[in-house]
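Trainee: In our numbering, the protein residues as written are 646 to 1063.
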Ligand SMILES: [Zn+2]
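(1) Let's see if you can read the secondary structure: which residues bound the beta strand (DSSP E) around residue 950?
(2) Going straight from the alpha carbon of residue 711 to that of residue 703, what length do you get?
(3) Going by other Cβ atoms of all chains shown within 10 Å of its Cβ, with 16 needed for buried, is residue 883 buried or exposed?
(4) Could you compute how far the alpha carbon of residue 747 sits from the alpha carbon of residue 854?
(5) Is the stretch 893-911 in contact with the stretch 818-828, if contact means three or more CB pairs nearer than 8 Å?
(6) List the DSSP bridge partners of residue 973.
(7) Taking 6 Å as the cut-off, is the C-beta of residue 1008 nearer than that to any heavy atom in ligand 1?
(8) Counting Cβ pairs, one atom from each stretch, are 3 or more of them under 8 Å apart for the stretch 932-945 and the stretch 974-993?
(9) May I ask you to list the residues that DSSP assigns as paired with residue 931?
(10) Starting from the C-beta of residue 948, find all residues in its chain whose C-beta is less than 6 Å away, skip the five residues before and the five after it, and write them out in chain order.
(11) Leaving out the 5 sequence neighbours to the left and right, which residues in its chain are closer than 6 Å to residue 1045 when beta-carbon positions are compared?
(12) What does residue 761 pair with, by DSSP beta-bridge criteria?
(13) Whose C-alpha, out of 862, 875, 814, 732, is nearest the C-alpha of residue 1036?
(14) Should residue 1034 go down as buried or exposed, given a rule of 16 or more other Cβ atoms within 10 Å for buried?
(15) Confirm, please, whether the CB-CB distance from residue 942 to residue 1009 is below 7 Å.
(16) Using the rule of at least 16 other Cβ atoms within 10 Å of the residue's Cβ for burial, across every protein chain shown, is residue 1022 buried or exposed?
(17) In the DSSP assignment, the alpha helix (DSSP H) including residue 704 goes from what residue to what residue?
(18) Please give me, in chain order, every unbroken run of the beta strand (DSSP E) with length at least 3 that falls completely inside the stretch 821-885.
(19) Using alpha carbons as the reference points, say which of 1052, 887, 976 lies closest to residue 1040.
(20) Are the C-beta of residue 1060 and some C-beta of chain C separated by less than 7 Å?
(21) With a threshold of 8 Å on Cβ separation, who are the neighbours of residue 951 within its own chain once the five nearest residues in sequence on each side are excluded?
(22) In the DSSP output, what is residue 992 paired with across the bridge?
(23) Just curious, the alpha helix (DSSP H) that residue 1044 is in, first and last residue?
(24) Rounded C-beta distance between residue 766 and residue 780? I'm assuming under 8 Å.
(25) What are the boundary residues of the beta strand (DSSP E) that residue 960 is part of?
(26) CB-CB under 8 Å to residue 973, same chain, minus the five flanking residues each way: which ones, in chain order?
(27) Relative to the alpha-carbon of residue 840, which residue among 866, 870, 985 has its alpha-carbon at the smallest distance?
(28) Under a Cβ-count criterion, where at least 16 other Cβ atoms within 10 Å of its own Cβ denotes burial, should residue 966 be classed as buried or exposed?
(29) Closer than 6 Å by C-beta to residue 1052: which residues in its own chain qualify, once you throw out the five before and the five after it? Chain order, please.
(30) Comparing C-alpha positions only, which one of 705, 709, 1029, 729 sits nearest to residue 891?
(31) Tell me the residue span of the beta strand (DSSP E) that contains residue 802.
(32) My guess is that residue 778 and residue 729 are in contact by the Cβ rule of under 8 Å, so how many angstroms apart are they, rounded?
(33) Just the C-alpha distance for residue 760 and residue 731, rounded to the nearest angstrom, thanks.
(34) Nearer than 6 Å: is that true of the beta carbon of residue 814 relative to any heavy atom of ligand 1?
(35) Do you know whose CA, among 945, 872, 909, 944, lies nearest residue 931's CA?
(36) Please determine whether the Cβ atom of residue 956 lies at a distance below 6 Å from any heavy atom of ligand 2.
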């Protein structure tokens, strides 16, 4: 019996030694492998990845030859990237390139150009030494995330939004939207509530970036402002109010977001430079020299020049009967001249203090049927309205979205799977 027990014990001992040996081998191999991570990250047992962020002055061929690729391979890769991958130039501070070697110090066998977190272009060396290119779209998982907040005493909408956890990029989009309906300088008061439903994009469970604003609500002085993003049957996307009216107006009341109004539209005022009373045919927004001035709406530039009052100015004619004028510019935007077609939001010039001006600001005028009107109060036409069928669909969609928003408001940890 004793002997049998000893045998059993010996067997156990042998098992223990074997197990120990396996563990030691594993530790050793991890140590060996980790030596190969020098300058890159491990993918396979010894595959080595070197990631290069493109900086200014970098060229594709320069980066390829820096990784040891010869002239022939460099040319072949540059060509196949252009022909099959649609990549002819690389962008500093935007693109990343991965160089993959089967093992450390081996020649590069695969190059991955990453223009966005959602798109990759891979160039692989085939057995015959030729280079093959294919594009890969990274799968994205989109959540609808809800955030709400309240304006505190002495607060700006921006500060309250950041405090509510709304990402800055989303907040800027919300600003752009609400600027059609309200004046952030005058319409914001303590106690006003707001909420945003927006997209967050995930890849493999990791949050990568934010997407679009899906719905926004703000308790403005003139009543609750609500806007919803909606896709029409023809595929066009727009923002609509609760009733399905286009929320985007043909013109913006405040071309520069969040700029303080320093002088309002009036029939009469004492001119700060001339000293005598004369009408102020526009609104002044304080902004520092060089701030880009976006076109308030889509249209065509009908004047670009200088006069002693306006300094450097640009005038844009929009659809229908509207024109807008932007004065005191320090300089004009490149490529913007008489006849240029501009999009809403496109930079047409930069803030300055040219002409009759006491300091850097934008003087902005809206002219309707040849008459100056107050940009803050003029009723502006909506664009992108819905037909009867789209409106019916919109109202159903809005109801569903509102129900979801209510659910999310009760439990902010939830999200909508999109
Ligand atoms: Zn002015």
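The C-beta atom is built at its ideal place from N, Cα and C for all residues, glycine as well.
Mentor: The relevant details are as follows:
(1) Taking the first residue of the chain shown as 1, we reach residue 950 at position 305. Going by DSSP, residue 950 is part of the beta strand (DSSP E) stretching over 944-952.
(2) As a position in the chain shown, residue 711 is number 66, starting the count at 1. As a position in the chain shown, residue 703 is number 58, starting the count at 1. Residue 711 and residue 703: Cα-Cα distance of roughly 11 Å.
(3) Taking the first residue of the chain shown as position 1, residue 883 is located at position 238. Buried, by the Cβ-count rule.
(4) Numbered from 1 along the chain shown, position 102 holds the residue referred to as residue 747. Numbered from 1 along the chain shown, position 209 holds the residue referred to as residue 854. Going by the C-alpha atoms only, they are around 31 Å apart.
(5) Here the stretch 893-911 lies against the stretch 818-828, with 3 or more beta-carbon pairs under 8 Å apart.
(6) By 1-based counting over the chain shown, the position of residue 973 is 328. In the DSSP assignment, residue 973 is bridged to no other residue.
(7) On the chain shown, position 363 is the one that residue 1008 refers to. It does: the Cβ of residue 1008 is within 6 Å (strictly closer) of some heavy atom of ligand 1.
(8) The stretch 932-945 and the stretch 974-993 touch, with no fewer than 3 CB-CB distances between them shorter than 8 Å.
(9) Your numbering for residue 931 matches position 286 in the chain shown. Beta-bridge pairing links residue 931 to 905, 1006.
(10) Reading the chain shown from its first residue, position 303 is the one you call residue 948. Answer for residue 948: 960, listed in chain order.
(11) Here residue 1045 is taken as the residue at index 400 of the chain shown, counted from 1. Cβ neighbours of residue 1045 beyond the five flanking positions: none.
(12) Mapped onto the chain shown, residue 761 falls at position 116. Answer by DSSP bridge pairing, in chain order: 764.
(13) Your numbering for residue 1036 matches position 391 in the chain shown. Of the candidates 862, 875, 814, 732, the one whose C-alpha sits nearest the C-alpha of residue 1036 is 875.
(14) Residue numbering aside, residue 1034 sits at position 389 when the chain shown is read from its first letter. Burial call: exposed.
(15) Within the chain shown, residue 1009 is the residue found at index 364, counting from 1. Within the chain shown, residue 942 is the residue found at index 297, counting from 1. No, Cβ-Cβ distance for residue 1009 and residue 942 is not below 7 Å.
(16) If you number the chain shown from 1, residue 1022 lands on position 377. So residue 1022 ends up on the exposed side.
(17) If you number the chain shown from 1, residue 704 lands on position 59. Membership of residue 704 in any alpha helix (DSSP H) is not indicated, and neither H nor E is assigned to it by DSSP.
(18) Fully enclosed beta strand (DSSP E) runs of 3 or longer: 838-848, 851-865, 868-876, 882-885.
(19) Position 395 of the chain shown, counting from 1, holds the residue named residue 1040. Out of 1052, 887, 976, 887 has the C-alpha closest to the C-alpha of residue 1040.
(20) No chain C is part of this structure, which consists of one protein chain only.
(21) One-based indexing of the chain shown puts residue 951 at position 306. Closer than 8 Å at Cβ, skipping near neighbours: 957, 958, 999, 1000.
(22) Here residue 992 is taken as the residue at index 347 of the chain shown, counted from 1. Partner(s): 939.
(23) Indexing the chain shown from 1 puts residue 1044 at position 399. Segment 1033-1055, the alpha helix (DSSP H) holding residue 1044.
(24) One-based indexing of the chain shown puts residue 766 at position 121. One-based indexing of the chain shown puts residue 780 at position 135. The beta-carbon distance between residue 766 and residue 780, rounded to whole angstroms, is 5 Å. This is short enough to meet the 8 Å contact definition.
(25) What you label residue 960 is simply residue 315 of the chain shown in a count that begins at 1. Note, residue 960: beta strand (DSSP E), 956-963.
(26) By one-based count along the chain shown, residue 973 stands at place 328. 955, 956, 957, 958, 996, 997, 998, 999, 1000, 1002, 1005, 1006, 1007, 1008, listed in sequence order.
(27) To locate residue 840, count along the chain shown from 1; it is residue 195. Ranked by Cα distance from residue 840, the first of 866, 870, 985 is 870.
(28) Residue mapping note: residue 966 aligns to position 321 of the chain shown, counting from 1. Under the 10 Å beta carbon count, residue 966 is surrounded by fewer than 16 other beta carbons and is classified as exposed.
(29) Your numbering for residue 1052 matches position 407 in the chain shown. Contacts found: none.
(30) On the chain shown, residue 891 is found 246 positions in, with the first residue counted as 1. Taking residue 891 as reference, the option from 705, 709, 1029, 729 with the minimal CA-CA separation is 1029.
(31) For the purposes of this step, residue 802 is taken as residue 157 along the chain shown, with counting starting at 1. Segment 802-808 is the alpha helix (DSSP H) holding residue 802; no beta strand (DSSP E) there.
(32) The sequence position of residue 778 within the chain shown is 133, counting from 1. The sequence position of residue 729 within the chain shown is 84, counting from 1. The pair is a contact, with the Cβ atoms about 4 Å apart (cut-off 8 Å).
(33) Sequence index remark: in the chain shown, residue 760 carries index 115 (1-based). Sequence index remark: in the chain shown, residue 731 carries index 86 (1-based). Each residue's alpha carbon lies about 11 Å from the other.
(34) Within the chain shown, the letter at position 169 stands for residue 814. Answer for residue 814: no, Cβ out of range of ligand 1.
(35) By one-based count along the chain shown, residue 931 stands at place 286. Ranked by how close their Cα comes to the Cα of residue 931, the residues 945, 872, 909, 944 have 909 in first place.
(36) No copy of ligand 2 occurs in the structure displayed; its ligands are ligand 1 alone.
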